[in-house]
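To keep things clear, I will list the structure first and then write my remarks on it.
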Amino acid sequence: MYKVLVRAKKDADAVRAALRTFYEGWGVEVATLGGVRGYEDFRDALLRAVDPGRFNIVLLGREDAGKMQLEEEMPLNVAFSLVPRERVRNARLTTIREAIERGRAKIRNTARWKGAYVLGRCEGLDLGVEPHPAYDVFLLLGERAVELVSEHLGTELEGPLLLVRKMGGEHDVYAGPSLVGRLRVPDSGRVSGERLGEQAEGTSVERLLAENERVLESLERVSASLLERVGREYDTVVVP
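Residue numbers (numbering that gives the first Met the number 0): 0 to 239.
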C-alpha cells in the first residue's frame, strides 16, 4: 500500500532498517532515485519512480529541503516529508518512523476549499489542517449530524461540514472554508462546544463529488491495486 522514495542507496538502507523495526509485515516498498542531485533531474527521476497503485512517501533530508516544493507537481498519491537531519541516512530509526508517519498523515489529512471540501491537493484554499499522525479528517453529510453540531455550537450551520478530530476528544468544525467552532467529545460525560466564527459559504454533496473526482480516482487505483495483491494470497477478500 505504501512506497517510500529516497534519493540514494544509503538512505534506502536506513529506511529499510526502520521498516524492519516498526513496520514488519506491512509490505512497504523502498526505492531510490539513483542518487540524483539536480532539481530537474530529481523531479524527472521521481515521476518515473512513483507507483500509481500505492501511496508514495518521499523522504528528504535538510540538504534537499528546497525540493519540498515539488510536491505540488506530483500526483495526488504522493506526499513529501522532511527528515530533520542533513541526510535521511543520518537520522535515528525513530526519527525516520516519525517522518514516515507525517507523510502518511499528510495523505490522509490534506483539506482544501474550492467551492467544496477537496480532500487532496488542488488550487483551492488550504484550510491549514496540520498533518499530525494522531489527527483525522472526516465529513458530516447527514442532516441530523449537522443539526447536533449546530446545537452544541449554538448556531445554525449548513452542511456538509468538515471535522478535524484532534487529541483529547477535541474536534475543529469547518463550515465552508471557515473554522466556526470546536467540539469536545470526552470519553465519558457530555459533549461541549465553543463557537469561533460564522459560516460564510456552503456547499452540496453534488459539488463535493465533482470537486473530489480526481481524489476518488486516485484512491480507487490504490485500493484496486491493494486488493489485487491481497487476492494473490487469499481465495476470498471481504471489504466491509
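Cβ atoms here follow ideal geometry from the backbone N, Cα and C, with glycine treated the same way.
- In this structure Arg6 is buried. Its beta-carbon is surrounded by 16 or more other beta-carbon atoms within 10 angstroms.
- Across the structure, Thr154 and Asp186 are spaced so that their CA atoms are roughly 24 Å apart.
- Under DSSP, Trp112 shares a beta bridge with Tyr116, Leu124.
- Restricting attention to Val117, Thr94, Gly127, Gly114, the CA atom closest to the CA of Thr20 is found in Thr94.
- Secondary structure within the region 45-89: not one fully enclosed alpha helix (DSSP H) run of 4 or more consecutive residues is present.
- Around the CB of Glu39, fewer than 16 other CB atoms lie within 10 Å, so the residue is classed as exposed.
- Beta-bridge pairing by DSSP links Leu138 to Leu161.
- Secondary structure of His170 (DSSP, three-state): strand.
- Annotated as proximal: His170 and Val163, with beta-carbon spacing under 8 Å.
- With respect to the C-alpha of Val3, the residue from Asn76, Val35, Asp43, Glu227 having the closest C-alpha is Asn76.
- Residue state for Leu207 is assigned as helix, using DSSP reduced to three classes.
- Here the alpha carbons of Arg213 and Val221 stand approximately 13 Å from one another.
- Ranked by Cα distance from Leu45, the options Gly60, Thr109, Glu72, Arg61 are led by Glu72.
- Sequence-distant Cβ neighbours of Gly114 in its own chain, meaning closer than 7 Å and more than five residues away, are Thr202, Arg206, Glu210.
- Looking at Asp63, Glu100, Arg103, Met67, the one whose alpha-carbon comes closest to that of Arg86 is Asp63.
- Contact between Leu58 and Lys66 fails: their C-beta atoms lie close to 11 Å from each other, not under 8 Å.
- Within the region 8-43, the complete alpha helix (DSSP H) segments of 4 residues or longer fall at 8-21, listed in chain order.
- The three-state reading of DSSP puts Leu195 in coil, since its state is none of H, G, I, E or B.
- Taking Gly52 as the centre and dropping the five residues before and after it, the same chain places the C-beta of Arg220, Val221, Ser224 closer than 7 Å to its C-beta, in chain order.
- Judged by beta-carbon spacing, Gly123 lies beyond the 8 Å limit of Arg107, meaning their Cβ atoms are not closer than that value.
- Secondary structure of Leu182 (DSSP, three-state): strand.
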